[in-house]
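Here is the structure we will look at, set down as structure tokens.
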Amino acid sequence: MSEAVLEIRNLGINFGGLKAVQHVDITVNKNEIYGLIGPNGAGKTTIFNMLTGVYKPTEGNFALFGEDLTGKSQRYICRSGIARTFQNIRLFNNMSVIRNVMVGLNDDPQLKCSVFSSMFRLPTHFKTEKAMRQKAKDILAIFDLLEERNNLSCNLPYGKQRKLEIARALATSPKLLLLDEPAAGMNPNETAELMETIRKIRDMFDITVLLIEHDMKFVSGICDRLTVLNFGTVLAEGTTEEALNDPEVIRAYIGG
Amino acid sequence: MEQIITTIINGLSLGGVYALIALGYTMVYGIAKMLNFAHGDIIMVGGYTIFVFMNATGNPIIAAIFAAVVCVILGASMEKLAYKPLRGASPLAVLITAIGVSYLLQSLSQIIFGPTPKTVIVADLGVTKIGNVTISNSSVLTLILTVIIMIALTLFIKMSKTGRAMLAVSEDRDAAKIMGVNVNGIITITFVIGAFLAAVASLFYLLKYPSISNTMGSMPGIKAFTAAVIGGIGSIPGAMLGGLLLGVIECIFNSFSEIAPYTDAIEFGILIVLLLIRPNGILGKKKREKV
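Residue numbers (this note's numbering), protein chains in the order written: chain A, 26 to 281; chain B, 3 to 293.
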């Protein structure tokens, strides 16, 4: 049927003696919106950190379109096509909105410009700058952030900062987008709008999305399939409906 | 009145030299999060390079170009050999290493050139008289070139890919890495720019004080560091402002013969008072504690 984008096999990491994540297997198919849920401390963000090269897994591996990326550098992984947002927003606060997105475009192979030509302001410099600015504007337009493009990112309201993080991640032209609690702190209207935006960018950019979220309405509204984690291991997986109705999952969430 | 104008122009040109050095301190601090105490000694290396090539060719432009090349290579290799292996080490270890590099460079220069100071007249540009005001042309040249370099640097940082990446790394190194920014490359570029500015500063410094010694980098180095802290360390406009301010203050106090011997003490005193009032410097940003 459809092609596997991300294959995680037996992934695990120890911090000292603590097994934070172990024996995790996940396969995410092309253009899927895949959810990773679980109680606090279940190891969801740790998995994201491994997938983006922040932590080196101590066991297992993961591959993007068949290419093994286990233990590669953050930059290599970004170039291979995995981009992410952060649970606690980590924008470049003292830079304008558009410049945040332009940092994401920094490694774009079509927007090359040597330090030398920037320093001496050669024609390539101006051409690249113009192209980058345009591309950044195109991305900002999708998120309705075009008007605020010259504001400092720290002055944006919270919901818009979350959107800008997604825009900045998209600028790295990812094939797989990891969203860490994209709806956290949003009101129901903003959440509904965010669902639309995520679907829209998936179709526009032909990408696959893996997301962490606590808002169950959001999860059941947008995710095709889910993996539920608890204490660093997989508790359940399947289509969203199956996974959410699993008695084990209900027990883990409600307790008892 | 004439005296005041001359003093201020001399002050601004000395301040320009401090600002060029301070930029190296502040950029490296902002981006690599370390204090490169060997930065002042790059000026000394630039000084000796100018000395060697002035004796060999007699052409100040060739000497200046070679000084820039030698300093840039020194800056890049300093980073590569001494600081890069310590990335992620405790700041104290990096600080001690920087002091070590500083002593290494001073001792090497003593082995090669001996401990006696050398004199080099780079160029005699003469003076210009406008009415009763006498201005040395080298001061004017220093001031003009410094302003041009500062504008070019600001444009580079604000309006280029590399400059944006530098700002991003200084704000959040890990997030920048995840966005695909080549952090090691950016840090190397920062050291190279800093070393280049130090080479330019050494040329201008020699135009003012034509004596080269093993420790000639220490005093301007410390003054420039003071300027960077006064302006707000990590802030590029802060380093420029701090440098110019310190240069003008120094020249004003030096013009009164009774106060002149205490000028250095007054400058560092200003630093202490300013840090009491504004701990982050004039243009430094307050770090907000997040709960």
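Glycine included, each C-beta is placed from N, C-alpha and C at the ideal position.
Please name the residue in the options whose C-alpha comes closest to that of residue i.
{"i": "T265/A", "options": "Y59/A, K44/A, T52/A and G91/A", "result": "Y59/A"}
{"i": "G240/B", "options": "L16/B, L276/B, A21/B and M221/B", "result": "A21/B"}
{"i": "R187/A", "options": "S198/A, M211/A, K81/A and Q159/A", "result": "M211/A"}
{"i": "G283/B", "options": "G249/B, L246/B and I235/B", "result": "I235/B"}
{"i": "L14/B", "options": "L106/B, L145/B and A95/B", "result": "L145/B"}
{"i": "K173/B", "options": "R109/A, F87/A and F117/A", "result": "Before going further, note that residue 173/B is Glu rather than Lys in the sequence given. Of the listed residues, the one whose Cα sits closest to E173/B is F117/A."}
{"i": "V194/B", "options": "G26/B, G17/B and L278/B", "result": "G26/B"}
{"i": "F170/A", "options": "I123/A, I275/A and P82/A", "result": "Checking the displayed sequence, the identity of residue 170/A turns out to be Leu instead of Phe. Comparing Cα positions, the closest option is I123/A."}
{"i": "I232/B", "options": "V19/B, L273/B and R175/B", "result": "L273/B"}
{"i": "V122/B", "options": "L208/B, S104/B, K225/B and G90/B", "result": "L208/B"}
{"i": "N186/B", "options": "I151/B, S140/B, D126/B and G90/B", "result": "G90/B"}
{"i": "D76/B", "options": "A95/B, L106/B and N61/B", "result": "With the sequence shown as reference, residue 76/B is identified as Leu, and Asp is not the correct amino acid for it. Of the listed residues, the one whose Cα sits closest to L76/B is L106/B."}
{"i": "V259/A", "options": "H48/A, M241/A and N119/A", "result": "H48/A"}
{"i": "L277/B", "options": "A154/B, T228/B, F68/B and T130/B", "result": "T228/B"}
{"i": "L205/B", "options": "V19/B, L155/B and A167/B", "result": "V19/B"}
Using a Cβ-Cβ cutoff of less than 7 Å, which residues in the same chain neighbour residue i once the five nearest sequence positions on both sides are dropped?
{"i": "R227/A", "result": "N56, I58 and V234"}
{"i": "E215/A", "result": "G184"}
{"i": "K120/B", "result": "F53 and I214"}
{"i": "I189/B", "result": "I33, A34 and E81"}
{"i": "V293/B", "result": "With a pLDDT of 47 at V293/B, under the threshold of 50, the modelled position of that residue is not reliable, and no figure is offered here."}
{"i": "I164/A", "result": "V126, A192, L195 and A196"}
{"i": "G246/A", "result": "M220"}
Please report how far the alpha carbon of residue i lies from the alpha carbon of residue j, in whole angstroms.
{"i": "N255/A", "j": "A67/A", "result": "5 Å"}
{"i": "Q5/B", "j": "I137/B", "result": "10 Å"}
{"i": "Q112/A", "j": "P207/A", "result": "7 Å"}
{"i": "E154/A", "j": "G129/A", "result": "13 Å"}
{"i": "L195/A", "j": "V126/A", "result": "8 Å"}
{"i": "G63/A", "j": "L201/A", "result": "21 Å"}
{"i": "G271/B", "j": "F40/A", "result": "49 Å"}
{"i": "H150/A", "j": "Y211/B", "result": "39 Å"}
{"i": "V72/B", "j": "M46/B", "result": "11 Å"}
{"i": "A261/A", "j": "I279/A", "result": "15 Å"}
{"i": "E173/A", "j": "I98/B", "result": "45 Å"}
{"i": "A24/B", "j": "L37/B", "result": "11 Å"}
{"i": "L110/B", "j": "A65/B", "result": "20 Å"}
With DSSP collapsed to three states, give me the class of residue i.
{"i": "Q135/A", "result": "coil"}
{"i": "S257/B", "result": "coil"}
{"i": "T121/B", "result": "strand"}
{"i": "N184/B", "result": "coil"}
{"i": "N39/A", "result": "strand"}
{"i": "S138/B", "result": "strand"}
{"i": "K35/B", "result": "coil"}
{"i": "D231/A", "result": "coil"}
{"i": "R2/B", "result": "Beyond the ends of chain B as shown, which are 3 and 293, falls residue 2/B; an answer cannot be given."}
{"i": "E32/A", "result": "strand"}
{"i": "A381/B", "result": "Examination of residue 381/B is not possible in this model, given that chain B is present from 3 through 293 alone."}
{"i": "G90/B", "result": "coil"}
{"i": "N57/B", "result": "helix"}
Here's a check: name, in chain order, each residue in its chain whose Cβ is nearer than 8 Å to the Cβ of residue i, leaving out the five neighbours to either side.
{"i": "T52/A", "result": "A29, L31, E32 and I33"}
The ligand SAM and residue i: does the residue's C-beta get closer than 7 Å to at least one heavy atom of that ligand?
{"i": "S259/B", "result": "Judged by which ligands are present, the structure shown has none, so any question about the ligand SAM falls away."}
Suppose the cutoff is 6 Å on Cβ atoms and the five residues either side in sequence are ignored; what does the same chain contact list for residue i look like?
{"i": "A45/A", "result": "I38, G68, T71 and G257"}
{"i": "G42/B", "result": "G219, S220 and G223"}
{"i": "M29/B", "result": "T192 and G196"}
{"i": "L61/A", "result": "K69, I237 and T252"}
{"i": "F255/B", "result": "I261, T265 and I268"}
{"i": "N86/A", "result": "R34, D93 and T95"}
Identify every run of the alpha helix (DSSP H) within the region 59-132 of chain A, keeping only runs that are complete inside it and at least 4 residues long; order them along the chain. Runs of the alpha helix (DSSP H) inside the region 59-132 of chain A: 69-76, 99-105 and 122-129.
Residue ranges of each beta strand (DSSP E) run of no fewer than 3 residues wholly in the region 181-220 of chain A, ordered along the chain? Within the region 181-220 of chain A, the runs of beta strand (DSSP E) that reach at least 3 residues and sit entirely inside it are, in chain order, 201-205.
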